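All residue numbers for the sequence shown refer to the working numbering, where the first residue is 1 and numbers rise by one.
Cβ atoms here follow ideal geometry from the backbone N, Cα and C, with glycine treated the same way.
Given the structure is predicted, the values throughout are model-derived calculations rather than measurements.
In what follows, a single structure is set out as structure tokens and then discussed.
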Amino acid sequence: MELTDYAFDTRIRRRHIPLLSNQRRLRHLTAIHARNVVSPEISESEYFGLFYTIHLNRDDPAIYTSEVCENNLNPMWQQLQMAKFNNLRNNSSKSLVVRVWLTKKNDSCATCLIEWDVNLHGLYFLGEQVPKDGRKFLPNTLLFAMPEGIYGAANTIVQGT
């Protein structure tokens, strides 16, 4: 692969160049976003909130819990607080489980809407920012932000849009 040196030309935007070792680990994760969250339990006319949890394995307790994003079917949660991951022995993990939970105003417990078992090496580069160019995402899509850009599953974008 031939690369051009753009170090002296500030007009050129940074391009995505994958690491040769393709190292993507839990410690590289900076944010998680969801697109087109759908569930028969969600009614846009009443209050609902969405938050996510990160687990190292399906049966493990959550190692991270996000804030609640209210009344939004395309939540963009805040960036991960990396200080919580630095203390983990397994911050070099290549896989994780992400669960997106639904909360309702009069309901004391949360309902799991989405559960993805994620291998960070299997994600595809989608762009430097969350795509806002009218691309349509499949229902219940998760996007993963890392320092070099946004990643998602291979089939997250509806073809022909």
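Along the chain, where does the beta strand (DSSP E) that runs through residue i open and close?
i: R24; result: Element bounds for R24: n/a, residue is neither H nor E.
i: W101; result: 95 to 104
i: R35; result: 31 to 35
i: E115; result: 111 to 119
i: A145; result: 141 to 146
i: F125; result: 124 to 127
i: Y151; result: 149 to 152
i: F51; result: 48 to 55
Under 8 angstroms Cβ to Cβ from residue i, same chain only, skipping five residues before and after it: list those, please.
i: L126; result: L143, G149, I150, Y151, G152, T156, I157
i: V130; result: H33, M76, L143, A145, I150
i: L123; result: R24, F144, Y151, G152, A153
i: S45; result: none
Just checking my contact of residue i with residue j at CB under 8 angstroms: how many whole Å lie between their CB atoms?
i: V37; j: V100; result: 7 angstroms
i: F48; j: L102; result: 6 angstroms
i: P75; j: H33; result: 7 angstroms
For residue i, I'd like the list of residues in its chain whose CB is within less than 7 angstroms of its CB, leaving aside the five on either flank, ordered along the chain.
i: E67; result: F51, W77, Q78
i: T30; result: Q79, L80, A145, M146, P147
i: T111; result: E41, W101, L102
i: I187; result: Lying before the first or after the last residue shown, residue 187 is absent from the chain, which here runs from 1 to 161.
i: R35; result: N74, F137, T141, L143
i: C109; result: none
Output needed for residue i: all residues of its chain with C-beta closer than 6 angstroms, excluding positions within five of it in sequence on either side, in chain order.
i: T10; result: Low local confidence applies: a pLDDT of 49 at T10 is under 50, so the model's placement there is unreliable, with the coordinate-based value given in what follows. Cβ neighbours of T10 beyond the five flanking positions: none.
i: V97; result: H55, R58, D117
i: E128; result: G149
i: L120; result: R24, K94
i: L113; result: S39, V100, L102
i: K105; result: Y47
i: E70; result: G49
i: E115; result: R99
i: S43; result: none
Using DSSP bridges, identify the partner residues of residue i.
i: E70; result: G49
i: I157; result: F137
i: M82; result: Answer by DSSP bridge pairing: none, since M82 is not bridged.
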